[in-house]
Amino acid sequence: MEALEYARSISPNVTALTVDLDPTQTTKLRLKWAEWAPDVPLVVLESPYRSIIRPLLDYIDRMERQGEGRYLTVVIPEFVPSHWWQHFLHNQTALLIKAALLFRPGKVSVSVPYHLGD
């Protein structure tokens, strides 16, 4: 929830995104989201090929075409493992998202770390 708090601190216009890789988990997330942040829309992106990056980039492109502002910030929650070597097992998706956004003008990625048990 730290990532959501951070996003709210930098903009009044916040939208949460998730990519549907597991319909059962997505349904659970929708229900929990309605409790956690009813004022923040949750957009569920479909991904028939289990890709996270392509649906995200397609969504960003749609927002850009709609003229949703010159800059778009993607706030990425990142799990911080308790041991340095565990980092290689986690956060690979975050790295891919940041790499995909790096060469897109006006797109900013911000990592918000969270520690298990916080």
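If you count the sequence shown from 1, position 3 lands on 2 in numbering that gives the first Met the number 0, and the numbers rise without skipping. We put the beta carbon where it would ideally sit given N, CA and C, even for glycine. In this text the structure is predicted, and so the values were computed from the model without any measurement.
Counterpart residues of residue i in DSSP-defined beta bridges
i, result
"Phe78", "Tyr113"
"Thr92", "In DSSP, Thr92 forms no bridge with anything."
"Leu16", "Val42"
Buried or exposed by the 16-neighbour rule on C-beta atoms within 10 Å, applied to residue i
i, result
"Val74", "buried"
"Ile9", "exposed"
"Ala98", "exposed"
C-beta contact flag for residue i and residue j at 9 Å
i, j, result
"Ser81", "Leu115", "yes"
"Leu44", "Asp19", "yes"
"Pro104", "Glu1", "no"
"Leu100", "Ile59", "yes"
Ranges of the alpha helix (DSSP H) found wholly within the region 20-82, counting only runs of at least 4: 22-35 and 52-64
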